[in-house]
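Okay, so the sequence shown: first residue is 3 according to this note's numbering, each after it adds one. Let me begin by presenting the structure, written as structure tokens, before commenting on it.
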Amino acid sequence: MKAYKNLQEFIEVLEKEGELCRISTEVSAELEITEITDRVCKLQGPALFFEKVKGHKIPVVTNLFGSYKRIFLTFGVKSLDELASELIEFMEIKQAEGFLEKLKLVPKLLKAKNVFPKLVEKAPCQEIVWKGEKVDLYKFPILKCWPKDGGPFITLPCVITKDPETGVRNIGMYRMQVFSKNTTGMHWQIHKVGAKHYRKAEKLGQKLPVAVAIGPDPAVIYSATAPLPEDIDELLLAGFLRGKPVELVKCLTVPLEVPAESQIVLEGYVEPYERALEGPFGDHTGYYTPPDYYPVFKVTCITMRKDAIYPATIVGKPPQEDCFLGKVTERLFLPLIKKILPEVIDINLPWEGVFHNLAFVSIDKRYPGHAFKVASALWGLGQMMFTKIIVVFDKEVDVQNISEALFYMSGNVDPERDIMVVKGPVDALDHASPKPAFGSKMCIDATRKWKEEGYQREWPEEAVMSPEVKSKIDKIWKKLKIEELLKRR
Ligand SMILES: Cc1cc2nc3c(=O)[nH]c(=O)nc-3n(C[C@H](O)[C@H](O)[C@H](O)COP(=O)(O)O)c2cc1C
């Protein structure tokens with residue numbers, strides 16, 4: 003667990019660890035920062051701190067999370083599975099019986115205290131205040147990412163809303179296209195919680211207050227991307243991940259609170275039933291998402307730190323920074339999925355599948371049709387509903403090894419018997435489905451087939467070497483000098 007006070011502190015650590023490159027050459031926020039960041043992402047290179055952005059005083063930082071080392075630094079862990087097991091252990095606080103058991107619970111209960119955000123009076127993110135006519139989004143180095151994008155987009159915003167009926171807070175990362183000096187698009191897709199709050203507000207005939215935190219501390223940034231159940235405040239996850247409460251301050255013009263250490267905060271509201279054409283946008287999928295109608299965010303007030311940095315991300319053909327954020331979710335949510343589906347051994351969402359297109363799942367198969375049951379259950383779990391292709395393997399298959407997974411997928415499948423196609427919601431960004439957000443999904447059952455599944459032959463034995471011969475060859479392996487030759491090649 004690691005609690006960074008703010009982005010500045012995180013950036014300092016990245017620099018010390020050789021994970022940040024300062025760029026002093028002047029570059030443009032229009033396309034040039036994308037081109038540099040894209041090249042660096044493809045090399046799994048450092049975070050980039052652009053000191054001189056043409057026409058702007060505020061520096062830009064990109065690729066903050068684009069390597070496993072930076073992800074580990076974000077959370078102060080050596081592996082993501084370590085983080086996941088801490089989360090599961092924390093969630094398993096149960097009734098302790100004896101005195102000793104109660105004593106053991108104390109550290110966990112202290113952690114529980116850290117989970118809840120804390121309200122403060124004064125906040126760095128309100129050092130500078132622009133209201134009314136002074137509000138001007140063009141003062142910020144907001145990136146136009148790809149040549150055919152509809153304009154500049156805020157790409158790393160933490161969008162804060164409250165359920166108009168229950169008051170439960172949500173933070174989601176939804177890109178925002180700048181339409182004018184005080185309006186933007188609000189790209190919460192129909193399946194997302196921000197959109198649900200907005201629908202409720204529309205039904206009540208109310209405008210929905212919105213606050214956008216740009217550049218809170220790294221745990222809050224990640225939490226805004228996490229697919230938490232609908233009525234869980236992302237700040238609880240952030241508090242857990244930091245091991246310290248997130249400090250919040252009241253907004254100046256809307257009834258919401260924002261992380262006090264944010265770089266920039268946009269306050270405003272979204273009017274009921276107002277839509278504007280948003281896009282195109284070069285998206286996570288590597289394709290442009292075509293223009294579509296989305297709500298309009300009206301900015302009533304901008305507050306910021308005196309030393310504000312503008313953080314941004316680039317999305318596009320993988321690998322990009324979002325691949326690493328996706329891997330955090332894959333690892334963190336696996337133990338939670340296992341609580342519901344204990345037969346699941348491991349899950350890999352390969353980068354090439356851009357979160358939603360492809361999942362490799364290994365299971366402890368116990369009955370005929372088990373693979374289809376697991377796929378159906380996964381499609382019923384939150385944002386896993388978007389997964390276009392789920393390939394299910396036996397527990398022995400290492401799904402993190404893509405080559406191994408493809409070997410079993412291609413060899414073990416009789417397409418007529420082993421493919422199940424279903425209809426349902428698909429990701430709003432999916433460009434292949436005949437209709438937006440509605441299409442089909444496929445499960446490929448790549449497990450060994452059983453007689454009960456209609457396989458009437460003997461499943462063949464895999465050709466593997468005997469352990470005795472393996473260990474004999476291990477002993478003489480060095481003497482054969484094959485590795486020396488390999489190294490010289
Ligand atoms: C860089 C980045 C940009 C994203 N942009 C959007 C977006 O524009 N619209 C959207 O609905 N989801 C977007 N997402 C995905 C959501 O942040 C994600 O589904 C999150 O869980 C939504 O939160 P919610 O469940 O509270 O709605 C983006 C994710 C990342 C990492």
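Every residue gets a Cβ at the ideal spot worked out from N, C-alpha and C, and that includes glycine.
Its chain contains I216, M306 and A310 as the residues whose beta carbon lies nearer than 6 Å to that of I266, once the 5 sequence neighbours on both sides are disregarded; these appear in chain order. A distance of 8 Å or more separates the beta carbons of P119 and V251. Beta bridge pairing from DSSP links F440 with P427 and K437. In terms of side-chain proximity, the C-beta atom of H199 is found no nearer than 7 Å to any non-hydrogen atom of ligand 1.
The region 330 to 344 makes no contact with the region 163 to 172; the number of CB pairs closer than 8 Å stays below 3. If only complete runs of 3 or more residues are kept, the region 220 to 301 shows the beta strand (DSSP E) at 249 to 252, 259 to 261 and 266 to 280, in order along the chain. Set against 7 Å, the gap from the CB of A203 to the closest heavy atom of ligand 1 is not smaller. Contact between the region 254 to 266 and the region 123 to 133 is present: 3 or more CB-CB pairs across the two stretches fall below 8 Å.
Going by C-alpha positions, R201 is about 10 Å away from V195. P229 and K341 have their C-alpha atoms roughly 16 Å apart. Judged by the Cβ position, A240 fails to qualify as a neighbour of ligand 1 at the 7 Å threshold, every heavy atom of the ligand being at least this far. Scanning P220, P292 and G78 for the CA closest to the CA of A434 turns up P292. In this structure, the beta-carbon distance from I162 to I173 falls below 8 Å.
Rounded to whole angstroms, the Cβ separation of T76 and I316 is 18 Å, and the two are not in contact under 8 Å. Taking a C-beta distance under 8 Å as the contact criterion, G20 and C43 do not qualify as a contact pair. When DSSP assignments are scanned along the region 17 to 70, the uninterrupted stretches of beta strand (DSSP E) that are 3 or more residues long and fall wholly within it turn out to be 22 to 25, 49 to 52 and 62 to 64. The shortest C-alpha to C-alpha distance from P321 to any of N350, L343, G288 and A314 is the one to G288.
For N8, the shortest C-beta to heavy atom distance toward ligand 1 is 7 Å or greater. Pairing S81 with K54 gives a Cβ-Cβ distance that is not under 8 Å. Within the DSSP secondary-structure output, Q191 pairs in no beta bridge. In terms of side-chain proximity, the C-beta atom of D348 is found no nearer than 7 Å to any non-hydrogen atom of ligand 1. The beta carbons of S442 and V399 sit no closer together than 8 Å. It is roughly 42 Å from the alpha-carbon of L482 to the alpha-carbon of L85. Classified as exposed, E418 has fewer than 16 neighbouring CB atoms from the shown chains inside 10 Å of its CB. Assigned with DSSP and collapsed to three states, K308 falls in coil, not helix or strand.
If you ignore the 5 residues before and after V298, its C-beta comes within less than 8 Å of the C-beta of F181, T185, T186, G187, M188, V272, E273, E276, R277 and A278, all in its own chain and listed in chain order. The way I'd put it, the region 452 to 463 doesn't touch the region 394 to 411; fewer than three beta-carbon pairs between them come closer than 8 Å. Beta-bridge partners of F155 (DSSP): Q179. Under the three-state reduction of DSSP, L121 is assigned to strand. Exposure of L488 is indicated by the presence of fewer than 16 other C-beta atoms within 10 angstroms of its C-beta.
For V195, the Cβ falls inside the 7 Å cut-off from some heavy atom of ligand 1. Per DSSP, reduced to three states, the secondary structure at N8 is coil, with no helix or strand assignment.
If you draw a straight line from the Cα of T36 to the Cα of N359, it is about 24 Å long. Taking each of M444, P469 and A430 in turn and checking the Cα distance to D294, the smallest one comes out for A430.
By the 16-neighbour rule on beta-carbons within 10 angstroms, Y312 is buried. Taken through DSSP and simplified to helix, strand or coil, F374 comes out as helix.
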